[in-house]
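Okay, structure first, notes after.
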Amino acid sequence: MPPMQLFGAVSPVAPKISNIDLARDVLDLTMQLESGRTLPRFTRFEGPIRISLKGPEPPTLRHDLAQVIDRLRREAGLDIALQPDGQIGNIVIQTVPEAEIRRQLPGAACFVVPGIADLSQYRAAQRQGLTDWASLDERRNLAIIVPANQPPQELRDCLNEELAQSLGPLDDLYRLPDSTFNDDNIHSILTGFDMLVLRVTYAPELHSGMTRDEVGAALPAILSRLNPEGDRLPARNTPASPPEWRAAISEALAEGSSSSGRRRAAQRAVEIAEAAGWQDTRMAFAYFTRARLEQDRDPEGALRDLSRAHRLYASLPDTRLHEATTATQLAVFALASGDPEAALALLKGRDAVALRYQNAALLSSVLMLQGRAEILLGRTDAGKALIRKSLGWGLYGFGSAEAVQAQLTQVEGMGQGLEDSAAALAPDTVTTAQAVPAALPTGPAPG
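By the count of our numbering, the sequence shown reaches residue 788 at its end, each step adding exactly one.
Structure (structure tokens):
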């Protein structure tokens, strides 16, 4: 295996959003919890923010943490830094075994808790009401609990999302197309939109203790200053996600539910979205989720759903990463069906998107699939070069040489019936019901 590849500086895409929409998003993100519970007051840190580390440090931890801290200083304007070793910050990032996280919060990959500095304090603090976000009048001390034994990309994703949540937004909104504050898990590093939300959260006009109405009254002037173009852009007025849809999609994604229960939940999510007439990321994500859950039982139906999701994502302005994710899944179907040319067409340019958004698992998968397609078309040297290029990114995205090899073995099994490019089956001679290997983990996989 070559050395692990690491990402450099992020090149964020500036959001293009109406200030009417942005004001609504900021209020919903900062003044309510994911459960839908309304918070009585606005809270944030009111002084310098200092971070300390506790627990075993995976090799990539400090590199990735330094990247996100630097971005928070530059893009969100925060006074935030990592404390010298031995000094305790007001944010403690603790690494623990994944099993310990699951024991405390089943289904969570990582989480942030106010009122503690160590996971061992969690249950006692919870009984005393210290971990209730609604009880805070200001953010002073909290802990971010992350897994010590997961792939570097998953650890980095946790650092981005939980650090941002510790600083500001406490809710996730499925309606947001270009944000980590969205449980679809498409975006894994903080976006330009996310940084703008944090910059707004720490505007001098705001302070802890304000009510929702007081924050709302202050936002127009803040947004005009920080997002002047937003005063001229029309509002999208995306309707809120109804509780029944959120419940259905959450159950479809829940690892603890039965396979049949998850499939039924995905079906409900699709039906609710279709009945509402949505033509946005939520409709696409419902199709995508159903496809992932049905791919083994009903490959033809899964392919139809993936195609629907892909067309929707391709039609929207802020969803290039989403589009690359579904294109990669469709390329898996194309290769498995014996059509490497279609796979290459689907994958064209997706590596650049994965690189821009720093998704190594997606980037490695795209390169592997491109390499396999080239080999099936008789361009063996080009294909092998692409596969070699995929390996270093795979180590970051999948976590180990064994995990990368498992992905590669899966890809190498695609299109086995093709002896050379002349033997490739024409697309109209292939049935989509042919055996399709399990889709690669290039995007949010339910379970």
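The beta carbon of each residue, even a glycine, is placed where N, CA and C say it ideally should be.
Query	Result
Neighbourhood of A544 by C-beta distance below 6 Å, restricted to the same chain and skipping five residues each side	I563
Residues bridged to I486 [DSSP beta-bridge criterion]	Q435, F452
Environment of A765 [buried if 16+ CB atoms lie within 10 Å]	Reliability of the predicted coordinates at A765 is poor, the pLDDT of 31 falling under 50, and no value is obtained from them.
Whether G642 touches L363 by CB criterion (8 Å)	no
Classification of T772 by the beta-carbon crowding that lies within 10 angstroms, buried from 16 upward	Residue confidence is low: T772 scores 25 on pLDDT, short of 50, so the model does not pin down where it sits. Its coordinate-derived value is still stated next. Classification of T772: exposed, given that the 10 Å Cβ count is below 16.
D513 beta carbon less than 8 Å from that of Q373	no
Per DSSP, cross-strand counterpart(s) of S393	V433
Neighbourhood of R443 by C-beta distance below 8 Å, restricted to the same chain and skipping five residues each side	A449
Cβ pair count under 8 Å reaching 3, the segment 617-630 against the segment 587-594	yes
Chain-order list of residues whose beta-carbon lies under 8 Å from that of D692 (same chain, five-residue window excluded)	L704, V707, L708, Q711
Stretch pair the segment 657-671 + the segment 497-504: three plus CB contacts closer than 8 Å	no
Whole-angstrom distance between P425 and A607, CA atom to CA atom	47 Å
Check whether F386 and R540 have beta carbons under 8 Å apart	no
Same chain only: Cβ atoms within 6 Å of R577, ignoring 5 sequence neighbours per side	D362
Range covered by the alpha helix (DSSP H) that runs through I361	360-371
Three or more C-beta pairs below 8 Å linking the segment 365-372 and the segment 462-470	no
Nearest-angstrom Cα separation, counted from R713 out to S731	11 Å
Exposure label - T521; buried when at least 16 CB within 10 Å	buried
Buried/exposed call for S376, threshold 16 Cβ in 10 Å	exposed
Which of helix, strand or coil DSSP assigns to L374	coil
Range covered by the beta strand (DSSP E) that runs through A595	Premise fails: A595 is in no beta strand (DSSP E) and is neither H nor E.
Close Cβ partners of V433 (< 6 Å) along its chain, the five nearest in sequence each way excluded	S393, K395, A458, A484
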